[in-house]
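Enquirer: Pasting a structure here, questions to come.
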Amino acid sequence: MRSVKPTAAAVTTALAAAAAAAAGIVVGRIASDAGLKAPPGRPLPGEPRLTVHSTAAGRITLTRDLAALRPGTYGLEGDASHAVIGPVLTAEPHSADTVVRRLERVTHGTLQPGDKVRLTPNTHVGDPRSALGLDHTDVDIPGELGPLPAWFVPGGRNTWVIAVHGLGPTREHALNVLEFLHHHRFPVLAPAYRGDDGAPRPPDGLHHFGETEWHDLDAAMRYAVDHGARQLVLHGWSTGATMALRAAARSGLRHRVKGLVLDSPVLSWERTLRALAAARHTPGVLLPLAVRAAQGRTGLPSDHAGLYADRTVPADHQDRTDAMGPAEPPPPTLIFHGPDDTIAPWDLSRRLTATHPDRITLHTVHQAPHAAMWNADPAAYEEALRRFLTPLM
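Counting from 84, one number per residue, gives the positions in the sequence shown under our numbering.
Here it is, written out as structure tokens:
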């Protein structure tokens with residue numbers, strides 16, 4: 084009898100440990116879904132829902148919140164509506180718990196008191212023709228998983244801009260800068276990639292923070308070169324910026340890349356995943372489980388505590404050699420980022436800039452959430468972009 088009791092206790096302990104481990108795996112998988120299964124066209128976790136209190140000619144009154152007080156121009160998305168709002172109108176009368184902003188236009192649907200809405204970086208819906216009146220062609224890019232739908236807007240230059248959205252938005256995000264790029268006569272290719280509507284589904288059904296998705300950008304680069312592009316500028320937002328960095332370091336066409344424009348680049352997938360999971364109210368003690376679950380599900384390499392930014396461009400270029408010889412330094416790069424991005428840490432963009440201060444410029448944007456650097460001040464964004472692109476015209 085004495086030998087049975089310790090054995091039973093050991094079995095009970097082992098079963099409890101196994102149950103705890105199994106529970107940890109389940110919790111980690113659920114938490115990791117915040118980044119690995121972020122659906123395109125849906126707000127990222129953490130974007131607050133605001134209430135519409137009233138509308139008038141050119142005015143909208145919203146719940147007072149830090150999001151509602153952001154400077155600049157944003158899309159306003161409801162369950163069946165989309166509108167565009169402009170600056171806060173501080174002189175307009177309002178209660179202590181509301182804020183009044185300029186209502187630029189209602190794109191579709193209606194806005195009624197009591198409606199729940201969210202701010203979004205997307206200020207346009209539709210395609211280049213319906214949203215901006217720009218002629219474009221719907222093309223299919225041959226990708227490694229299948230055809231990738233894309234918009235092509237022609238221009239008079241032989242330097243093409245390939246615009247790549249990131250987590251949350253769809254390729255409609257590129258419409259924010261498309262009119263500016265068209266005005267400066269750049270041909271623009273705005274592709275969808277694996278996981279987007281109309282594009283192939285990734286084999287595991289998961290987002291890989293650009294680590295595999297960059298192959299679809301590489302396919303878009305090949306399409307551009309095959310159709311007349313002599314030089315390329317890669318303009319990416321969020322994980323689209325990560326894809327641009329990967330392509331500039333790894334693509335067989337990297338010698339064609341003459342510039343990178345990175346908006347809110349995700350330079351540490353681990354920190355971004357933690358931020359997304361935390362925004363879904365995952366307790367802090369469980370966040371490491373989310374990271375481990377994501378690694379197990381996707382095979383993503385470890386960031387080594389946020390050092391991903393240090394090697395995303397420099398290590399690939401410094402250490403990589405192939406049949407073409409030692410890799411060249413990174414192309415001229417313009418980063419738009421700011422300290423109010425809670426999804427992709429701004430400090431990593433500063434560190435990346437410091438690695439090549441002669442090649443990389445950081446344009447700091449304040450009071451802008453993730454991937455909304457243009458929205459905070461469109462005029463300043465476009466002027467910085469104009470200065471950067473002028474030598475490439």
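We put the beta carbon where it would ideally sit given N, CA and C, even for glycine.
1) Kindly indicate which residue of Trp429, Pro366, Ala163 and Gln195 has the alpha-carbon position closest to the one of Ile143.
2) Could you tell me which uninterrupted beta strand (DSSP E) segments, each at least 3 residues in length, are contained entirely in the stretch 435-466, listed from first to last along the chain?
3) Are the stretch 224-232 and the stretch 190-207 in contact at 8 Å, needing three or more beta carbon pairs?
4) By the DSSP assignment, the beta strand (DSSP E) with Phe419 in it spans what residues?
5) Please report how far the alpha carbon of Ala121 lies from the alpha carbon of Asp218, in whole angstroms.
6) Is the stretch 439-455 close to the stretch 364-374, with three or more CB pairs under 8 Å?
7) With a 10 Å radius around its C-beta and 16 neighbouring C-beta atoms as the bar for buried, classify Ser213 as buried or exposed.
8) In three-state DSSP terms, what is Phe263?
9) Is the separation between the beta-carbon of Thr322 and that of Glu296 shorter than 8 Å?
10) Could you tell me whether the stretch 179-188 touches the stretch 132-151, using the rule of 3 or more Cβ pairs below 8 Å?
11) Is the stretch 306-319 in contact with the stretch 283-291, if contact means three or more CB pairs nearer than 8 Å?
12) Reducing DSSP to helix, strand and coil, say where Ser347 ends up.
13) Classify Glu466: buried if its beta carbon has 16 or more other beta carbons within 10 angstroms, exposed otherwise.
14) Please report how far the alpha carbon of Phe235 lies from the alpha carbon of Val316, in whole angstroms.
15) Less than 8 Å between the beta carbons of Gly238 and Phe269, yes or no?
16) Consult DSSP for Tyr276 and reduce its assignment to one of helix, strand or coil.
17) One question on the structure: do Leu350 and Ala327 come within less than 8 Å of each other, judged by their Cβ atoms?
18) Taking 6 Å as the limit between beta carbons, can you name the residues of its chain near His291, skipping five residues before and five after?
19) Spatial neighbours of Asp386 within its chain, please: C-beta separation below 6 Å, excluding the five flanking residues on both sides.
Expert: By the coordinates alone:
1) Gln195
2) As far as the stretch 435-466 is concerned, its whole beta strand (DSSP E) runs of at least 3 residues are 443-447.
3) Contact fails: fewer than three Cβ-Cβ distances are below 8 Å.
4) Thr416 to His420
5) Their backbone Cα atoms lie some 31 Å apart in a straight line.
6) no
7) exposed
8) Looking at Phe263 - three-state DSSP - the assignment turns out to be helix.
9) In this structure, Thr322 lies near Glu296, with their beta-carbon atoms less than 8 Å apart.
10) yes
11) no
12) coil
13) Counting every other CB atom within 10 Å of its CB across the protein chains shown gives Glu466 a total below 16, marking it as exposed.
14) The straight-line gap from Cα to Cα measures roughly 14 Å.
15) yes
16) Tyr276 falls in the coil class under three-state DSSP.
17) no
18) Thr381
19) Ser351 and Glu353
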